[in-house]
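Under this note's numbering, think of the first position of the sequence shown as 1, with each following residue one higher.
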Amino acid sequence: MTRLPVRPLTVGSLARDLVASEGLAVSALRCYEILTALWVRAEDRVLPEAGQLRTFVLRAARRLITGERQVVGPDAGLVPLSLRSDESVVRLPASLAVQGVEWPDLVQLAENWLSATSARGPVTVVGVRTGGAYLAPLVAARLSREGLDVTCICVRPSDHVTLGQRRILLVDDPPLTGRTLVSLAQRLGKPGTVDVLVPVVKQDDVQPLREAGIPVTTLPRSLWASTRRLAPGALSTYLDEDVTWQGEQRPAGVAGFRAGRENSALTGWPGLRHRSPARAAFALVTPSGSRQQVVASWVPPGIFGDAARTAATELASGRVPPATVGVAPAMVITKELDAAARPAEGMELWLDEAVDYVLERSVRLPMTKALRVPVPAPAALKRLATVFTGDHPVTVLPRLQQWMASMGSSVPDGRCEAEKWIIDAAGRLRKTGHLTHAYRRDNELFTPLIDLAALTIAFGCELKSVAAAVDRRRPGEASCLPALATALLCYGPARGDQLPRTYNLERAADTAREAYRLQSAMSEAALILQETLTLTPNGTRTVLRRWAGAPGALLQPVLPFGGYPAPRAPRGGNDISEDAIVQWAQGRFEVVRTGDALLLAPLGPSATWPDTAATLADLASRLPHPNLLAWCGVPLLQMERTC
């Protein structure tokens, strides 16, 4: 089989694909999503063709919801020339690329609103950027079929627009808190003139909207297409009709779900985020009559799943497990890995094998590097350069970008999960979850730099140790240390932002250790770049501008209690009883021992953290020195026994 590299998902690549499809049969969903991506970019650039593109988006949405699966590629003339050479990366909306929302869900959401309201006047459907821009035209298309006077626009949460006397329907991704929608609804229209239409993971996510008196129409996750597809009867039908089996004979059928792992959207799996895509573990009956344990994972059925399906196809063999068994438009079937054996202490002993695993996988799943024009520097990289150079990052940005590209890497766009490493039944180190999220496939799976930098967090190793392990496998090449340090400082805020959102009480200790490692590793990475990055304007060697505060504050992750880097506590003369600390923390914190420090992992839900943080003042008053209580991603106590 000839392996093709996976192309980055850019505006230009999508525009050129659309132009090349003129007059040919193409997927109706693919056509809709590409047109929407081009429309969103045209709105960003204030192109005169934005209005025309919106018209074509609505037309494509109408054809999609009427059941057309194939359409004729549109006239190439509708694609602005400037977009065909625009190599900015398409942002992956969480709803369509990660959480499991599909286009039929928005049709059902619109029908729910129609059945619940008697309003039939002019309506403006407003898609909240970025995900809402892909969802709103589908709602507008369904309402227009009922004869309503419908217009459709997209806005950013900070935009101020005038919408006249029309009724406003706000459409967005499944909300986390609903606060952004409350603010936007109150700003866009008068009370009683704005409704919100959203798919929801749980109904509590829209409670702030209801408390503000804003009408809300929801579609619960149990009714999403991606959830219903995993129902026993529906799954068997889907496998029979849509799955292409990889290099094996067609299985005879589904033999039964694993107890407790039937459908992760309805039954929580250990270690999985509640907002992760739906998946199920079950057994397939092979043609020989034996059973094969597999996992079905949702993937986006449109353009945002292209990389995922390519990756799954390339993982058909067992060399880099979990191997793919079958691929479908909205699902990937992989062989089951027993995730019971999780390496904990002493993970640094597995570092060499982990590095081998990441590099081998990157070779098997290459991503093309060549683009017609240079890819714009990611926002995280620009922020990093600004920190290093003040308000004039232009001198250092090219070097940072060169380092980041040295192993073909890209930067996660505000979303990143911790690595999930296990020891399989054969005693080998393996990684689970890498066929779970589209953004991880597009960014991490094909580009080893982020994966390698994240080993520092997952394994608790020094960044220099990871770099040394990589350099041993790349003789004759320059050290990857600066590139890894840059990648880690970009990875850190993305991952740190996830910790409060995904805080799992059952994993409080693991989360505390990860937060501690994250902050420590970022401090190390900042020092590495401080030592190695020098500017050479006009041939004169200058010293890198230093920033105020500790290096760990360089790109501060968002962590429980809004933590900040820990100062060095004074050593010597501190007689602290660990038993007393544990007793004091009972019911409020889980005490986690790490070296000569105690990490305090909060045990309550995130809503209780402000009150819990206030209790730390009581602990501080009991300590022999106030600097013993500090922060390093989580509250930290520096221990120094003098027995």
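Glycine included, every Cβ here is placed at the ideal spot set by N, Cα and C.
Using the DSSP secondary-structure output, state which residues sit across from residue i in a beta bridge.
{"i": "residue 245", "result": "326"}
{"i": "residue 431", "result": "421"}
{"i": "residue 303", "result": "Answer is none; residue 303 lacks a bridge partner."}
{"i": "residue 653", "result": "The question about residue 653 has no answer here: the residues shown for the chain are numbered 1 through 643."}
{"i": "residue 124", "result": "151, 168"}
{"i": "residue 195", "result": "169"}
{"i": "residue 350", "result": "BP columns for residue 350 are empty, so no partner."}
{"i": "residue 331", "result": "298, 328"}
{"i": "residue 200", "result": "220"}
{"i": "residue 635", "result": "631"}
{"i": "residue 387", "result": "Residue 387 is not bridged to any residue."}
{"i": "residue 27", "result": "70"}
{"i": "residue 291", "result": "285"}
{"i": "residue 10", "result": "89"}
How many whole angstroms separate the CB atoms of residue i and residue j, which I take to be in contact at a CB cut-off of 8 Å?
{"i": "residue 131", "j": "residue 94", "result": "6 Å"}
{"i": "residue 47", "j": "residue 80", "result": "6 Å"}
{"i": "residue 283", "j": "residue 326", "result": "About 14 Å separates the two Cβ atoms, so there is no contact after all."}
{"i": "residue 523", "j": "residue 351", "result": "Residue 523 to residue 351, Cβ: 20 Å. No contact."}
{"i": "residue 296", "j": "residue 235", "result": "7 Å"}
{"i": "residue 298", "j": "residue 217", "result": "Not a contact, Cβ separation roughly 24 Å."}
{"i": "residue 278", "j": "residue 104", "result": "Wrong, their Cβ atoms sit about 15 Å apart, outside the cutoff."}
{"i": "residue 16", "j": "residue 86", "result": "Not a contact, Cβ separation roughly 10 Å."}
{"i": "residue 38", "j": "residue 96", "result": "Going by Cβ atoms, the distance from residue 38 to residue 96 rounds to 16 Å, so no, they are not a contact pair."}
{"i": "residue 463", "j": "residue 484", "result": "6 Å"}
{"i": "residue 307", "j": "residue 332", "result": "At roughly 12 Å, the Cβ-Cβ gap does not stay under 8 Å, so residue 307 and residue 332 are not in contact."}
{"i": "residue 337", "j": "residue 424", "result": "6 Å"}
So, using beta-carbon positions, are residue i and residue j closer together than 8 Å?
{"i": "residue 242", "j": "residue 329", "result": "yes"}
{"i": "residue 150", "j": "residue 172", "result": "no"}
{"i": "residue 600", "j": "residue 591", "result": "yes"}
{"i": "residue 499", "j": "residue 515", "result": "yes"}
{"i": "residue 214", "j": "residue 185", "result": "yes"}
{"i": "residue 36", "j": "residue 141", "result": "no"}
{"i": "residue 170", "j": "residue 181", "result": "yes"}
{"i": "residue 638", "j": "residue 597", "result": "yes"}
{"i": "residue 645", "j": "residue 394", "result": "With the chain represented from 1 up to 643, any question about residue 645 goes unanswered, as that position is not in the structure."}
{"i": "residue 174", "j": "residue 194", "result": "no"}
{"i": "residue 316", "j": "residue 247", "result": "yes"}
{"i": "residue 56", "j": "residue 92", "result": "no"}
{"i": "residue 250", "j": "residue 281", "result": "no"}
{"i": "residue 138", "j": "residue 123", "result": "no"}
{"i": "residue 457", "j": "residue 517", "result": "yes"}
{"i": "residue 177", "j": "residue 89", "result": "no"}
{"i": "residue 380", "j": "residue 400", "result": "no"}
{"i": "residue 594", "j": "residue 495", "result": "no"}
{"i": "residue 167", "j": "residue 119", "result": "yes"}
{"i": "residue 467", "j": "residue 481", "result": "yes"}
{"i": "residue 73", "j": "residue 13", "result": "no"}
{"i": "residue 60", "j": "residue 31", "result": "yes"}
{"i": "residue 228", "j": "residue 238", "result": "no"}
{"i": "residue 179", "j": "residue 208", "result": "yes"}
{"i": "residue 487", "j": "residue 404", "result": "yes"}
{"i": "residue 43", "j": "residue 302", "result": "no"}
{"i": "residue 635", "j": "residue 616", "result": "yes"}
{"i": "residue 453", "j": "residue 491", "result": "yes"}
{"i": "residue 363", "j": "residue 335", "result": "no"}
{"i": "residue 269", "j": "residue 275", "result": "no"}
{"i": "residue 451", "j": "residue 582", "result": "no"}
{"i": "residue 266", "j": "residue 222", "result": "yes"}
Is it true that the region 118 to 136 meets the region 150 to 163, where meeting means three or more beta-carbon pairs spaced less than 8 Å apart? yes
Does the contact criterion of 3 or more C-beta pairs under 8 Å hold for the region 468 to 477 versus the region 525 to 532? no
Segments assigned alpha helix (DSSP H), at least 4 residues, entirely inside the region 214 to 281: 225 to 228, 232 to 242
Are the region 16 to 30 and the region 49 to 59 touching by the rule of at least three beta carbon pairs closer than 8 Å? no
Given 8 Å as the limit, is there contact between the region 106 to 121 and the region 285 to 292, that is, 3 or more CB pairs closer than that? no
Please list the segments of the alpha helix (DSSP H) lying wholly inside the region 574 to 629, counting only runs of 4 or more residues, in order along the chain. 578 to 585, 609 to 622
Return the chain-ordered ranges of every alpha helix (DSSP H) run that is complete within the region 30 to 116 and spans a minimum of 4 residues. 50 to 65, 81 to 84, 103 to 116
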